[in-house]
Amino acid sequence: MTPTDPTAYPPQSTNFNQDNADLRFYTEQWIPWEELAESCELQGFSSELADEGEGFATPGDARAFYMEVMDMVGELVAGEVAPHAAALDAEGVTLGADGEVVPNDHLVNIFETLAETGLHGLCVPRELGGMNAPLMLYFLTSELIARADVSVMAHHGFHGGIAMALLMYSALEGSTTFDEAQGRILSTRFEAEIRDIVENAEWGSMDITESDAGSDMGALRCVAEQDEDGVWRVTGQKIFITSGHGKYHLVIARTESVDDGDNPMAGLGGLSLFLVPAWTDAADGTRTRHVTVERVEEKLGHHASTTVAVSFEGAAGALIGERGGGFRMMLLLMNNARISVGFEAIGLIENALRLARAYAQGRSSMGKTIDRHEMIADYLDEMEADLIGLRALAVEAGLAEEVAQRTRLRARYLAKTPAEKDALDAKVRKLTWRSRKRTPVLKFLAAEKAVEISRRCLQIHGGCGYMTEYGAEKLLRDALVLPIYEGTSQIQALMATKDTLLGVMRSPKRFLRELAQAEWLARTARDPHTRRVAGLKANVLAAQRHLMVRIAGDKATALRGSSLSEWRQGFTKDWDPKRDFGPALLHAERLTQMLADADIADILATQVARFPERGPLLDRHLDRAEPRSRFLLDCIRTTGDRLLDSLRKAPEPGAAAAR
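Below you can see the structure in the form of structure tokens.
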């Protein structure tokens, strides 16, 4: 093999599941598939259900089926997607003269194959035409598909993902009926649309972003108004919409026109969520479009994933949930989407690591292959340690989100007594908080590491990496959008920081108790892993303490000269994260990295308690995380004052013009 022959590497695997030992640890040993199966199979388990194709005889049979799906997807993407990744990137998609998006032939063939497997309905209940599998199985297959090509993964997610969102929305708004005795859905509001996605391979999109309104959803201008017949009509333009050439659009639009910024219906409170069909097909085969595809966006990467601008001109839409509840409804979909992006990033990182390692093992320089040179060996070791840590974090985030959602539905539809419902609701709150804590951290770190690791992959290739035929530059181009879509890395860091510090404020005694315990264990624990993991936790808690002390000091300065009652009100109730959390917002990315390092260490330590052979993986993570944690803590403690002072002294927008 020579480094100038890009067809000679990496060795082509025939199954992306079977060749991945760390991934198989989770599927074969860690994930509680039987418990997930029981939460999915509400009819229970019996040989009769198995014989009729309506269930499984035992939880073990369900688990065996899930493993078959993993192997099937691993083989499918290795053979049918990965070999065409370069062609998918080169050919992309176009907008036809008739206003319809034209995919390339490879993409068409791939999605015809995916439709034949039934994967678009992987998690959809059987009574709606799906396989009734756990959401965790979807997340893991997402990694496999993304390893082959992230464009294919991005589009695939808007099939089953939209179907499940519609089902969840119907369940939460109370428009789904359920037979408790049979453990089956009797009816659901969007059954026709869900079946269309599962059985006819249609898809949908999330239509949020507008010009000048990306992360700031409160600035959205797309409107929805009721006509004289009570039909909601949506008008406006959305941009950067992934898979927006599909049939079903979940659209956030403003339904309340309020000038008073203090009114709860202004800003986010004035947004509602709608399902808008893009077209109607007549019996004679003619199609009437209600949503216009204005253009296909020209992108740096993800060329086979269609990204479009769409326009609505009085398009009829169905209100989902309560009027003014659009932001809350959209967050449910965004949480799943952000976890999915985490797994997507992991798939790309897996590809980048394998590509880099294969090249390094075949490229000789100065008497040995470059993977034996210390600096390159260190790069590869760190890339693999990051990947292993990210997968651990992603699995736990995915489990928390899935169990929270299923418990929420169980509380609503299956609780037999008020006491049982109260207990389930309490469990939902706990799981939702756990998911909320991990989701932005996962999205932040996975996306950032995808860019960093694909960049290193290109660098390890040297000049060959800059050439298109080797594939390294494509991975970097594809990775660059991951810190941007489904909520930027900066938004994720701000969310994680805000929630973390608000948690400290809600329970300062618990926080101080945790800090004292972590510091004690970091000094006295006999087990080295316990001591080192506690050290990471102590550092991140120390960072939070420093930020809270700094924030409190700034608050006291702002209240100087106020009455005692104003001080009491200011320190107990009047907290505005956007106004009062300046030091924390400045250091949000540093704190989020520290949170991730500590959480990954804790997860891996829990694994080691059951599987001691995972110990070396924890050691590798700690070797990287400990010096990084100390450095970030030092940055938080010693930097930023100059910048914060300059921001405080800066004139308000428009002040200079007024002078």
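Residue numbers (our numbering): 56 to 714. The beta-carbon is built from N, C-alpha and C at its ideal position, and this holds for glycine as well. Computed from a predicted model, the values in this text were never measured in an experiment.
Check whether the segment 146-158 touches the segment 355-371, taking contact to mean three or more Cβ pairs, one atom from each stretch, closer than 8 Å.
yes
Give the list of continuous alpha helix (DSSP H) stretches no shorter than 4 residues that lie fully inside the segment 232-274.
246-255
CB of residue 70 within 7 Å of CB of residue 133, strictly
yes
Residue span of the alpha helix (DSSP H) that contains residue 681, given as start and end:
670-693
Report the residue ranges of all alpha helix (DSSP H) runs contained in full by the segment 166-242; include only those spanning at least 4 residues, in chain order.
190-203, 205-228
With residue 45 and residue 502 assumed to form a contact (beta carbons below 8 Å), what rounded beta-carbon distance in angstroms separates them?
No statement about residue 45 is possible, as the shown extent of the chain runs from 56 to 714 and does not include it.
Take the Cβ of residue 704 as the centre, count every other Cβ of all protein chains shown within 10 Å, and call the residue buried at 16 or more, exposed below.
exposed
Would a C-beta distance cut-off of 7 Å place residue 400 and residue 527 closer than the cut-off?
no
To which residues of the same chain is residue 603 closer than 6 Å at the C-beta, ignoring the five residues directly before and after it?
559
Short check: CB of residue 322 to CB of residue 311, under 7 Å?
no
Leaving out five residues before and five after residue 100 in sequence, what residues of the same chain have Cβ atoms less than 7 Å from its Cβ?
110, 111, 112, 113, 114
Is the segment 450-457 close to the segment 479-490, with three or more CB pairs under 8 Å?
yes
Between residue 72 and residue 692, what straight-line distance do the alpha-carbon atoms span, to the nearest angstrom?
44 Å
Report the residue from 198, 264, 199, 175 whose alpha carbon sits nearest the alpha carbon of residue 249.
175
Quick check: what's the CA-CA separation for residue 319 versus residue 287?
Because residue 319 sits at a pLDDT of 47, beneath the cut-off of 50, its placement in the model cannot be relied upon, and the point is left open.
Going straight from the alpha carbon of residue 142 to that of residue 136, what length do you get?
10 Å
Beta-carbon spacing of residue 716, residue 346 below 7 Å:
Because the chain in this structure spans residues 56 to 714, residue 716 falls outside the shown range and cannot be described.
For residue 678, which option in 329, 655, 698 has the closest C-alpha, if you only look at C-alpha atoms?
655
Less than 6 Å separating the Cβ of residue 511 from some heavy atom of the ligand ATP?
Annotation note on the ligand ATP: not contained in the displayed structure, which lists no ligands.
For residue 516 versus residue 414, is the C-beta spacing smaller than 7 Å?
yes
Label residue 520 either buried or exposed according to how many other C-beta atoms from any shown protein chain fall within 10 Å of its C-beta, with 16 as the threshold for buried.
buried
Taking 6 Å as the limit between beta carbons, can you name the residues of its chain near residue 495, skipping five residues before and five after?
547, 550, 551
Should residue 88 be labelled buried (16 or more other beta-carbon atoms within 10 Å of its own) or exposed?
buried
Look up residue 150 in the DSSP assignment and say whether it is helix, strand or coil.
strand
Quick one: Cα of residue 171 to Cα of residue 256, how far?
9 Å
From the beta carbon of residue 297, is the nearest beta carbon of chain D less than 7 Å away?
Going by chain labels, chain D is absent from the structure shown, which holds only one protein chain.
Inspect the beta-carbon positions of residue 447 and residue 659 and report whether they are closer than 7 Å.
yes
Thinking C-alpha only, which one of 593, 585, 580, 555 is nearest residue 569?
593
Coarse secondary structure for residue 319, derived from DSSP in three states:
Only weak support is given to the placement of residue 319: the predicted model assigns it a pLDDT of 47, under 50, and the value that follows is read from those uncertain coordinates. Residue state, collapsed to three classes: coil.
Boundaries (first-last residue) of the beta strand (DSSP E) holding residue 287:
287-297
Quick test of your reading: residue 385 and residue 328, contact by CB under 8 Å. State the CB separation rounded to the nearest angstrom.
6 Å
C-alpha distance - residue 9 paired with residue 597, whole-angstrom precision
Residue 9 cannot be examined here, being either before or after the span of the chain that is shown, 56 to 714.
What does residue 303 pair with, by DSSP beta-bridge criteria?
259, 332
Comparing C-alpha positions only, which one of 443, 125, 188 sits nearest to residue 32?
Since the first and last residues shown for the chain are 56 and 714, residue 32 lies out of range.
What residue range does the alpha helix (DSSP H) around residue 487 cover?
473-516
Own chain residues within Cβ distance below 7 Å of residue 283, not counting five before or after:
none
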